[in-house]
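**Student:** Mind having a look at this structure? Questions to follow.
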Amino acid sequence: MTNRKNEKDELMEKVFGKNAPNRSISQEDIDILKNNPLDNADLSPEWQSIQENSKKLQEQTQAILDKFTDADFEQLKTELRKDFGDSLPIEQQAELTIIHAQEELSKQFTKIEEEINKIVLSQKDYVHSLVTAFRRPTVMGLQNSGLKGCILVVGQKATGRHSSINLITKLLAEENIINIGEIGTIDLVSYKGKEDENNFFQDLYTASNKSQVIVFDSIENIAASYLPYIVEMVSEGQLTLSKRYTLKERQLVETQTTLAKDTIKTIGFKGKYLIFISSKDTDKLLEVVGTNFINNMSDVIKTNKITKEDLLLIYPVKAQEFITKCLNNLNVSLNVDDTIKDYLTVNYLERENVAYLNNFFDKTYEALAQYKLQNINSQTTYLTMKYEDSQIKFISEDLSTNMEDYLPKILEDAKEEIKKELDNLVGLDEIKQYVLSLEDFYEAQKIREKQGLKTTEVSKHMIFTGNPGTGKTTIARLIAKYLKAIGVLSNGQLIEVSRNDLVGKYLGHTAPQTMQVIKSALGGILFIDEAYSLYRGSNDSFGLEAIDTLVKAMEDNRDDLIVILAGYTKEMKEFLESNSGLASRFPNQIEFPDY
14 MTNRKNEKDE
24 LMEKVFGKNA
34 PNRSISQEDI
44 DILKNNPLDN
54 ADLSPEWQSI
64 QENSKKLQEQ
74 TQAILDKFTD
84 ADFEQLKTEL
94 RKDFGDSLPI
104 EQQAELTIIH
114 AQEELSKQFT
124 KIEEEINKIV
134 LSQKDYVHSL
144 VTAFRRPTVM
154 GLQNSGLKGC
164 ILVVGQKATG
174 RHSSINLITK
184 LLAEENIINI
194 GEIGTIDLVS
204 YKGKEDENNF
214 FQDLYTASNK
224 SQVIVFDSIE
234 NIAASYLPYI
244 VEMVSEGQLT
254 LSKRYTLKER
264 QLVETQTTLA
274 KDTIKTIGFK
284 GKYLIFISSK
294 DTDKLLEVVG
304 TNFINNMSDV
314 IKTNKITKED
324 LLLIYPVKAQ
334 EFITKCLNNL
344 NVSLNVDDTI
354 KDYLTVNYLE
364 RENVAYLNNF
374 FDKTYEALAQ
384 YKLQNINSQT
394 TYLTMKYEDS
404 QIKFISEDLS
414 TNMEDYLPKI
424 LEDAKEEIKK
434 ELDNLVGLDE
444 IKQYVLSLED
454 FYEAQKIREK
464 QGLKTTEVSK
474 HMIFTGNPGT
484 GKTTIARLIA
494 KYLKAIGVLS
504 NGQLIEVSRN
514 DLVGKYLGHT
524 APQTMQVIKS
534 ALGGILFIDE
544 AYSLYRGSND
554 SFGLEAIDTL
564 VKAMEDNRDD
574 LIVILAGYTK
584 EMKEFLESNS
594 GLASRFPNQI
604 EFPDY
């Protein structure tokens, strides 16, 4: 022990003594220090004073740096270059490297924003906020949860929410800012209750393994039992599974044995972006998801409502996309005359909806495809599309035809068959006249549309009142088939349900269950028998939830869904009086008399 102390003392004299600068340090000396680390007692007062002064100098330097502005730093760089040229000290080189990297990153994000604005039109403020949200972790680092970002995107349908997220993910991958340009999508409407839990976990696991950007659609329709999972994901950056799972052929398989190896206990999302999309504003969404969810969002952004002026800017872009599609897919070189824009101006501007514009070009493409099939040749077909004589026409050098000639025809045979079924019903003369008058009304709307005139938006929803056995369900089925035949409904099916089919058995189950029923009826008629049973007083929260979900779905799908409520006359009257907003959505009330 004494020998070691003497060795250490001799080494101290060698390193810190008066003649230290003239002495060399051997490997043996270094080994002594490793085995006998220095402490404060070993240091001379002079050396301790140097340490204290060094600490004060560091504090003073930091104080100066805290007051240092970007302009001061630029001036310092200039002065250093005068003294040292480009051979700066290592610290300055590192600092400049970081600054250069941030400048390059800034250029990349600026480029990405410009590219998105070329595709997602009239949404510059929203696009800038979206790009900022994706850039945030490159400046601020990861969130406490380990996620890159939790982004809530709200806004109306057909305003570019999904297309902008798909595009920015693709562009980020192209710029090597993220590794994978594929999005993982989770549609929260698809998971209603415990029976869907395994599918939910599997979809999450697949998305987390293949994507760095995961989109959760329809967050406003999430079942209450799934909300805690979402909150855990955004607050912890992972989801703890409630059951034991193993992986078999890339699929999660539930296991009951505790002896299973390599069980999966969590699904991780750290280092990823979680995007939540909603058509509800934040204040309304808060009622569904709660403050815990909202507070974990790194960014909340909203798309702008599309105005008439915006749509005028969007039209030429959509038209050019359509022209390119026709040339590439159909070998049709199309000139779209300005009369088409004039025709559309009256129609789609009144609706302020890009979806209507998309539907018009889809319908026209369908007609052009049929035109090409009837005039097959290997050469390019040159056509002009023009609006004249209240018709959209395809004009070639030697032929002019109406676009409607190439669209699917109304099923005349089906109409006649339905009319015969109506005639065979005993009585119900007023109701029969009402059904047949629907064709005249919708035909008038089509004529007005062809002439570029405004069309009337009317509610197609109905209420049938009367006693059982008076033909309410039979008439509803005939109306579905008839509206399909005259082109008002796309499918024409009748989905007949009652309260038990719409109202769930536990909290949070009703809205998803009701939405599932509504989805099955899209393109046809949803017939709710004994509809008054949906409302059993102000304390019936389940029934009220079903009604609220139904009313919203009617609004969102008004072009391809008809809801018919049926029931006893007295009970239906009381039902409508309990909710004035509900009554206004069913202007067509038909009484079925007893035979």
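Numbering (our numbering), first residue to last: 14 to 608. Positions of the beta carbon are idealized from the N, C-alpha and C atoms, including for glycine. The structure displayed is predicted, hence computed values, not measured ones.
1) Quick one: what's got a C-beta closer than 7 Å to T582's C-beta in the same chain, skipping five residues either side?
2) Return the chain-ordered ranges of every beta strand (DSSP E) run that is complete within the region 259–320 and spans a minimum of 3 residues.
3) Which first and last residues belong to the beta strand (DSSP E) in which V349 is found?
4) Which of helix, strand or coil does DSSP assign to Q404?
5) Any chance you could list the beta strand (DSSP E) runs of at least 3 consecutive residues sitting entirely within the region 125–188, in chain order?
6) Measuring straight from C-alpha to C-alpha, what distance separates A534 and H175?
7) Are any of the Cβ atoms in chain B nearer than 9 Å to that of K385?
8) Leaving out five residues on either side along the sequence, give the residues of the same chain with a beta carbon under 8 Å from the beta carbon of D573.
9) Does the distance from the C-beta atom of N317 to that of S158 stay below 9 Å?
10) Report all residues from its chain with a CB closer than 7 Å to the CB of L326; omit the five preceding and five following residues, and keep chain order.
11) Give me the Cα-Cα distance between E365 and K170, rounded to the nearest whole angstrom.
12) Alpha carbon to alpha carbon, how far is Y419 from L362? Give it in angstroms, no decimals.
13) Within 10 Å of its beta-carbon, does L557 have 16 or more other beta-carbons around it, so buried, or fewer, so exposed?
14) Cβ atoms of T295 and I625: under 9 Å apart, would you say?
15) By DSSP, does M14 sit in helix, in strand, or in coil?
16) Quick check: what's the CA-CA separation for V345 versus Y395?
17) State the DSSP-derived secondary structure class of T483, mapped to helix, strand or coil.
18) Does P525 pass the burial test, meaning 16 or more other C-beta atoms within 10 Å, or should it be called exposed?
19) Could you check what DSSP says for Q392 in three-state terms: helix, strand or coil?
20) Return the first residue and the last residue of the alpha helix (DSSP H) that L563 is part of.
21) Within the continuous alpha helix (DSSP H) that includes D514, where are the two ends?
22) Under the rule that 16 or more other beta-carbon atoms within 10 Å means buried, what is K485, buried or exposed?
23) Can you find at least 3 beta carbon pairs, one from the region 324–338 and one from the region 279–296, that sit closer than 8 Å?
24) Report the residue from Q602, A493, L240 and L254 whose alpha carbon sits nearest the alpha carbon of T304.
25) Would you tell me roughly how many angstroms separate the C-alpha atoms of L595 and G206, rounded to the nearest one?
26) Using the Cβ count rule (16 or more neighbours within 10 Å means buried), how would you classify P34?
27) Going by DSSP in three states, N415 sits in which element: helix, strand or coil?
28) Tell me the residue span of the beta strand (DSSP E) that contains F540.
29) Can the beta-carbon of K406 be found less than 9 Å from the beta-carbon of L343?
30) At which residue ranges does the region 198–223 contain complete alpha helix (DSSP H) runs of 4 or more residues, listed in the order of the chain?
31) Using the Cβ count rule (16 or more neighbours within 10 Å means buried), how would you classify T562?
32) Between which two residues does the beta strand (DSSP E) carrying E590 extend?
33) Report, in whole angstroms, the separation of the C-beta atoms of Q251 and K283, which I expect to be a contact under 8 Å.
34) Taking DSSP as the reference, what is the three-state secondary structure of A579?
35) Excluding the five sequence neighbours on either side, which residues of its own chain have a C-beta within less than 7 Å of the C-beta of Y455, listed in chain order?
**Tutor:** According to the structure shown:
1) Here the question's residue 582 lines up with position 569 in the sequence shown. The residues are T478, G479 and E604.
2) 264–267, 277–281, 286–291 and 312–315
3) Translated into the one-based positions of the sequence shown, residue 349 becomes position 336. Element bounds for V349: V345 to V349.
4) For the purposes of this step, residue 404 is taken as the residue at position 391 of the sequence shown. In the structure shown, Q404 sits in a strand (DSSP, three-state: E or B).
5) 162–167
6) In the sequence shown, the residue the question calls residue 534 occupies position 521. In the sequence shown, the residue the question calls residue 175 occupies position 162. So the alpha carbons of these two residues sit roughly 25 Å apart.
7) Although the question refers to chain B, the structure presented lacks it and comprises just one protein chain.
8) Locating residue 573 in the sequence shown gives position 560, where the first residue counts as 1. Excluding residues within five positions, the ones whose Cβ falls inside 8 Å are L502, S503, L535 and G536.
9) As a first step, residue 317 must be located in the sequence shown, where it is residue number 304. As a first step, residue 158 must be located in the sequence shown, where it is residue number 145. Result no, Cβ atoms of N317 and S158 do not sit closer than 9 Å.
10) As a first step, residue 326 is located in the sequence shown; it is residue number 313 there, counting from the start. Taken in chain order, the residues that qualify are L134 and S135.
11) Indexing the sequence shown from 1 puts residue 365 at position 352. Indexing the sequence shown from 1 puts residue 170 at position 157. Bear in mind that a pLDDT of 49 at E365, under 50, signals an unreliable position, so the number given afterwards is only what the model happens to contain. If I take the Cα positions, the gap works out to 11 Å.
12) Taking the sequence shown and counting its residues from 1, one reaches residue 362 at position 349. Taking the sequence shown and counting its residues from 1, one reaches residue 419 at position 406. Low per-residue confidence applies at L362: pLDDT is 49, beneath 50, and the placement is therefore not dependable enough to give any value.
13) As a position in the sequence shown, residue 557 is number 544, starting the count at 1. By the 10 Å Cβ count, L557 comes out buried.
14) Only positions 14 to 608 of the chain appear in the structure, and residue 625 is not among them; the question remains open.
15) Within the sequence shown, residue 14 is the residue found at index 1, counting from 1. Residue confidence for M14 is low, a pLDDT of 48 falling below 50, so the modelled location carries little weight and cannot support an answer.
16) Taking the first residue of the sequence shown as 1, we reach residue 345 at position 332. Taking the first residue of the sequence shown as 1, we reach residue 395 at position 382. Each residue's alpha carbon lies about 6 Å from the other.
17) Taking the first residue of the sequence shown as position 1, residue 483 is located at position 470. Reduced to three states, the DSSP call for T483 is coil.
18) Here residue 525 refers to the residue found at position 512 of the sequence shown. So P525 ends up on the buried side.
19) Residue mapping note: residue 392 aligns to position 379 of the sequence shown, counting from 1. Coil, per DSSP.
20) Taking the first residue of the sequence shown as position 1, residue 563 is located at position 550. Its alpha helix (DSSP H) spans residues S554 to D569.
21) As a first step, residue 514 must be located in the sequence shown, where it is residue number 501. Segment R512 to L515, the alpha helix (DSSP H) holding D514.
22) Translated into positions along the sequence shown, residue 485 becomes position 472. With 16 or more Cβ atoms within 10 Å of its Cβ, K485 is classed as buried.
23) no
24) As a working mapping, residue 304 is identified with position 291 in the sequence shown. Measuring from the Cα of T304, the nearest candidate turns out to be L240.
25) Along the sequence shown, one-based indexing puts residue 595 at 582. Along the sequence shown, one-based indexing puts residue 206 at 193. Each residue's Cα considered, the two are about 28 Å apart.
26) Taking the sequence shown and counting its residues from 1, the one referred to as residue 34 is at position 21. Because the pLDDT at P34 is just 49, under 50, the model does not fix this residue reliably, and the value given afterwards should be weighed accordingly. Classification for P34: exposed.
27) Here residue 415 is taken as the residue at index 402 of the sequence shown, counted from 1. Of the three classes helix, strand and coil, the one that applies to N415 here is strand, per DSSP.
28) Mapped onto the sequence shown, residue 540 falls at position 527. Looking at the DSSP string, the run of the beta strand (DSSP E) that includes F540 is I538 to I541.
29) The sequence position of residue 406 within the sequence shown is 393, counting from 1. The sequence position of residue 343 within the sequence shown is 330, counting from 1. No. Outside cutoff.
30) 210–223
31) Along the sequence shown, read from residue 1 onward, the residue named residue 562 stands at position 549. Buried.
32) Position 577 of the sequence shown holds residue 590. Careful: E590 lies outside any beta strand (DSSP E), inside the alpha helix (DSSP H) at T582 to E590.
33) As a working mapping, residue 251 is identified with position 238 in the sequence shown. As a working mapping, residue 283 is identified with position 270 in the sequence shown. Confirmed, about 7 Å.
34) Taking the first residue of the sequence shown as position 1, residue 579 is located at position 566. Strand, per DSSP.
35) Mapped onto the sequence shown, residue 455 falls at position 442. Hits under 7 Å: I499 and V501.
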